[in-house]
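Trainee: One structure follows; several queries about it will come next.
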Amino acid sequence: MKDPRHPAYGKGHAMGFSIDGVPGKSLVLERGKTYTFEIHTDPKHDVYISKKPIGWGSAAVVEGVKGAYVYDGVMTFTPGKDTPDKVYYACRNHPYMGATLYIVDPGEKAVIDEPKHSTSAATAAKAPAKAQVSEAKVKQKLMFAEMMVNGQGAKRVMASSDAEAKELLQEAKKDIAASREKLLAGALPEALALADKALKSVGEASRRVPSEDANAQQAKHYEELKRGLADFEASYANNYGRLAKAGKVPAEAVYDKAKIAALKSEAGVLASKGEYAKANAKLEAAQSDVTMALHKMLDSQTLVYDLKFATPADEFDYELKRFTGYEELIPVAVEMKKPAPGALKLMDSFVEKARKRRDEAIDKAKSGDYPVAISMMREATKTVRRALRMVGVSQ
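Under this note's numbering, the letters of the sequence shown match residues 97 to 491, in that order.
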């Protein structure tokens, strides 16, 4: 059970992960280093790394991760330059069981967010004493900054037509020179701050001018996102029509079509300029809104129980269509999310189990045992929803 030391105490699942005996322990990881996690939980709580604190199978971090979705074994993680500054170790099957992994550049310090729910003597946070800055640390950071400012990414920036990226690179060079002067003068904290600033400028400049391979991958992903979003919108429209005939559609299951159209338009403009990373972020935001509304629509239990069905057969038919609505999302989710082989295999096992339960429910309905058939269909729907979580579709 979670205790007040866990950052998600009182939130999500009652159980929480511990690291080295510390509930919800946060870690600081450096980009470029490989970290090994020895995991011992149980089959209900397999571990992966997520971009969202809720976990629960959503927003999986794939790059640099090996051995994810394990409950008794080893997972390794090598944060890269594109890894977000905050990610989370999490449970695939339950919400808010893990905690934060702070991702930093070599030599950089992370500002740790302290839990706000506890003020007891055991958990109250005290402001840490300011860390001493060593000459070795400054030199290490400067060496890394100089490697970056003379690396392939920087050369790509200088060969580009992106004036803003070039300006960022020039600022980084000036900050490196200023950092050198501060180092010689013995002003170590100022030297470190300038080196950090230089690294951030180089990183931002490089992200503005991705490599041809990276840009090609982003362009490919853009097309996949467009197709996937269109499929999600079509599935939404199909299910909206079904529910509208059966009863009112809940307000929380209606998304802002004008907002989605605007996001798609903005994405198209960005893509036409070759800015695929920004375009993809727009489409991902649109996808998130549509899929959230779709899941709320399909999972509207209040609507199910408020509906007045003429016969048990009608209610069974409704549940069968609700199952089909989720089942239609599986191939779309696989195409968009590109799950790891292990996650895909596990998802397939859930889908197979759900379809078997659906077929059994249909047989029960044919025999006239509608109460059991309806119950079995609802269980089948729960299982296919879990399959979607396996590939990172949050619900």
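Each residue gets a CB set at the ideal place from its N, CA and C atoms; glycine is no exception.
This one's a predicted model, so the numbers in the text were calculated from it and none came from an experiment.
Would you mind stating whether Asp142 and Val157 have Cβ atoms separated by less than 8 Å?
Mentor: no
Trainee: To the nearest whole angstrom, what separates the beta carbons of Ala381 and Tyr332, a pair I think is in contact under 8 Å?
Mentor: Going by Cβ atoms, the distance from Ala381 to Tyr332 rounds to 16 Å, so no, they are not a contact pair.
Trainee: From the DSSP output, in three-state form, read off Phe328 for me.
Mentor: helix
Trainee: Buried or exposed, going by whether 16 or more other CB atoms sit within 10 Å of the CB of Val305?
Mentor: buried
Trainee: Around the C-beta of Val468, are 16 or more other C-beta atoms found within 10 angstroms, so that it is buried, or is it exposed?
Mentor: exposed
Trainee: Just to confirm, is the Cβ distance from Pro119 to Lys98 under 8 Å?
Mentor: yes
Trainee: Quick check on this structure: which residue in Pro437, Asp444, Lys434, Asp413 has the alpha carbon closest to the alpha carbon of Lys462?
Mentor: Asp413
Trainee: For chain C, find out if any of its Cβ atoms is closer than 8 Å to the Cβ of Met443; answer yes or no.
Mentor: This model lacks chain C altogether, as it is built from one protein chain only.
Trainee: Taking C-alpha atoms, which residue in Ala367, Val430, Met193 lies nearest to Leu312?
Mentor: For the record, residue 312 in the displayed sequence is Ala; it is not Leu. Nearest of Ala367, Val430, Met193 to Ala312, Cα basis: Ala367.
Trainee: Is it right to say His317 is buried, meaning 16 or more other beta carbons lie within 10 angstroms of its own, or is it exposed?
Mentor: By the neighbour-count criterion, in which 16 or more other beta carbons inside 10 Å mark a residue as buried, His317 falls on the buried side.
Trainee: When burial is assigned at 16 or more other CB atoms within 10 Å of the CB, is Pro427 buried or exposed?
Mentor: The residue is exposed, with fewer than 16 neighbouring Cβ atoms inside 10 Å.
Trainee: Considering only DSSP beta bridges, list what Pro191 is partnered with.
Mentor: Gly151
Trainee: Let me check understanding here. Comparing Cα to Cα, which of Gly194, Arg485, Leu125 lies closest to Lys177?
Mentor: Leu125
Trainee: Just to confirm before moving on: does the CB-CB distance between Thr477 and Phe419 stay below 8 Å?
Mentor: yes
Trainee: Taking the C-alpha atoms as reference points, what is the distance between Lys322 and Leu484?
Mentor: 19 Å
Trainee: Contact between the stretch 180-196 and the stretch 229-249 is defined here as three or more beta-carbon pairs at a separation below 8 Å; is this criterion met?
Mentor: no
Trainee: What do you reckon, are the CB atoms on Ala186 and Gly151 nearer than 8 Å?
Mentor: Taking the C-beta atoms as reference points, Gly151 is found nearer than 8 Å to Ala186.
Trainee: Can you find at least 3 beta carbon pairs, one from the stretch 437-456 and one from the stretch 350-367, that sit closer than 8 Å?
Mentor: With a cut-off of 8 Å, the stretch 350-367 and the stretch 437-456 do not count as touching, because too few Cβ pairs lie within range.
Trainee: I'd like the list of long-range same chain contacts for Asn376, defined as Cβ closer than 8 Å, with 5 residues on each side in sequence excluded.
Mentor: Closer than 8 Å at Cβ, skipping near neighbours: Gln314, His317, Tyr318, Leu321, Ala363.
Trainee: Go to Val124, then tell me how far its alpha helix (DSSP H) extends in each direction, as first and last residue.
Mentor: Per DSSP, Val124 belongs to no alpha helix (DSSP H); it is in the beta strand (DSSP E), 123-126.
Trainee: Does the beta-carbon of Pro149 have 16 or more other beta-carbons within 10 angstroms, so that it is buried, or is it exposed?
Mentor: Looking at its Cβ environment, which holds 16 or more other Cβ atoms inside 10 Å, Pro149 is buried.
Trainee: Is Val280 buried or exposed, if buried means 16 or more other CB atoms sit within 10 Å of its CB?
Mentor: The question names Val, but residue 280 in the sequence shown is Leu. Flag for Leu280 reads exposed.
Trainee: Between the alpha carbons of Val487 and Ala326, how many angstroms are there, rounded?
Mentor: In a straight line, the C-alpha of Val487 is about 19 Å away from that of Ala326.
Trainee: Using CA atoms only, rank isn't needed, just tell me which of Lys147, Thr196, Leu238, Glu456 is closest to Thr202.
Mentor: The amino acid occupying residue 202 in the given sequence is Pro; Thr does not appear at that position. The residue with the shortest Cα to Cα distance from Pro202 is Leu238.
Trainee: Taking the C-alpha atoms as reference points, what is the distance between Arg303 and Lys460?
Mentor: Roughly 57 Å separates the two Cα atoms.
Trainee: Use the C-beta contact count for Glu263: other C-beta atoms within 10 angstroms, 16 or more gives buried, fewer gives exposed.
Mentor: exposed
Trainee: Note down the Cα distance separating Pro103 from Glu286, rounded to an integer number of angstroms.
Mentor: 33 Å
Trainee: By the 10 Å Cβ neighbour count, where 16 or more other Cβ atoms means buried, how is Gln383 classified, buried or exposed?
Mentor: buried
Trainee: Helix or strand or just coil, what does DSSP make of Ala340?
Mentor: In this structure, Ala340 counts as helix in the three-state DSSP scheme.
Trainee: In terms of residue numbering, what span does the alpha helix (DSSP H) encompassing Tyr351 cover?
Mentor: Segment: none, Tyr351 is in no alpha helix (DSSP H) and carries neither H nor E.
Trainee: Can we count Phe405 as close to the ligand ZN, meaning its CB is less than 7 Å from some heavy atom?
Mentor: As far as ligands go, the structure on display features none, and thus does not contain the ligand ZN.
Trainee: Identify every residue that forms a DSSP beta bridge with Leu197.
Mentor: Per DSSP, Leu123, Val183.
Trainee: By the three-class DSSP mapping on this structure, what secondary structure does Met111 have?
Mentor: coil
Trainee: Taking the alpha carbon of Asp138 as the reference point, which residue from Arg252, Asp465, Tyr105, Phe113 has its own alpha carbon closest?
Mentor: Answer by Cα proximity: Phe113.
Trainee: Taking its Cβ as the centre, do 16 or more other Cβ atoms sit within 10 Å of Ala261, making it buried, or is it exposed?
Mentor: Per the 10 Å Cβ criterion, buried.
Trainee: Check each candidate in Tyr198, Ile470, Ala310 and name the one with the smallest Cα separation from Asp410.
Mentor: Ile470
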